[in-house]
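Following: one structure in structure tokens, then a few remarks.
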Amino acid sequence: MGIEIERKFLVTDNSWLTSDIKYVQIKQGYLKNSSESSVRIRVAGEKGFITVKGKIGSLLKNKNSTIMRLEFEYEIPVKDALEMLKLCENPLIEKVRYQVYFMDFEWCIDLFEGDNQGLVVAEIELESEEQKFETPHWAGEDVSDDPRYLNSNLITNPFKKWHVI
Numbered sequence: 394m395g396i397e398i399e400r401k402f403l404v405t406d407n408s409w410l411t412s413d414i415k416y417v418q419i420k421q422g423y424l425k426n427s428s429e430s431s432v433r434i435r436v437a438g439e440k441g442f443i444t445v446k447g448k449i450g451s452l453l454k455n456k457n458s459t460i461m462r463l464e465f466e467y468e469i470p471v472k473d474a475l476e477m478l479k480l481c482e483n484p485l486i487e488k489v490r491y492q493v494y495f496m497d498f499e500w501c502i503d504l505f506e507g508d509n510q511g512l513v514v515a516e517i518e519l520e521s522e523e524q525k526f527e528t529p530h531w532a533g534e535d536v537s538d539d540p541r542y543l544n545s546n547l548i549t550n551p552f553k554k555w556h557v558i
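Residue numbers 394 to 558, in the numbering used here, belong to the letters of the sequence shown in order.
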């Protein structure tokens, strides 16, 4: 069974950004998107992926974690992924993902574009919910429990609409 355990933090500054850092352009959309499960299509650089995510409680009784989800991800031909993106709900999620290493952990920093421009989120994947890690100085507020920051929710409630009065 595929399980994702992920924490998310807002990024407070650009001090993590160096000239030798690895990054990839990502475009993704959702074929299915509900509070219980989602089916995501992603093009990351020259690779395509299909990912199925679901609440952990759907398989494990009495497990209502906000940072743990079922996740099944498979590489598919990029040509197919590009065609499938045309079937997805709009707008698509567009972002640049950077890989940053801090204290033996890989952090993914997403700089969102399009309707979510201005949003910068750092993610760390863990082996357990209780796993200890040191938070870098550039990682600010922990937003792991805030559903607004789920990519699947940024389609229907993009960041640009959050500050509308």
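Cβ coordinates follow ideal geometry from the N, Cα and C atoms, glycine included.
Taking only the alpha-carbon atoms, compute the straight-line gap between I434 and I486 and give it to the nearest angstrom.
10 angstroms
Own chain residues within Cβ distance below 6 angstroms of E518, not counting five before or after:
E399
Any idea what DSSP makes of E473, helix, strand or coil?
Checking the sequence shown, residue 473 turns out to be Asp, not Glu. The answer is helix: DSSP assigns D473 an H, G or I state.
Below 7 angstroms between beta carbons: does that hold for V417 and V432?
no
Using a Cβ distance threshold of 8 angstroms, determine whether the stretch 412–428 contacts the stretch 471–489, with at least three qualifying pairs required.
yes
Note the first and the last residue of the continuous beta strand (DSSP E) segment covering H521.
The question names His, but residue 521 in the sequence shown is Ser. Element bounds for S521: n/a, residue is neither H nor E.
If you drop the 5 nearest sequence neighbours on each side, which residues of the same chain put their C-beta closer than 6 angstroms to that of P540?
N546
Nearest-angstrom Cα separation, counted from I548 out to M508:
According to the sequence displayed, residue 508 carries Asp and not Met. When rounded, the distance between both Cα atoms is 8 angstroms.
Rounded to whole angstroms, what is the Cα-Cα separation between V493 and E534?
18 angstroms
Comparing C-alpha positions only, which one of H530, D497, K554, D538 sits nearest to L512?
K554
Candidates K488, K472, G447, E439: closest to P551 by CA position:
K488
Can you name, in chain order, every residue of its own chain whose Cβ lies under 8 angstroms from the Cβ of E506, other than the five neighbours on each side?
E487, K488, V489
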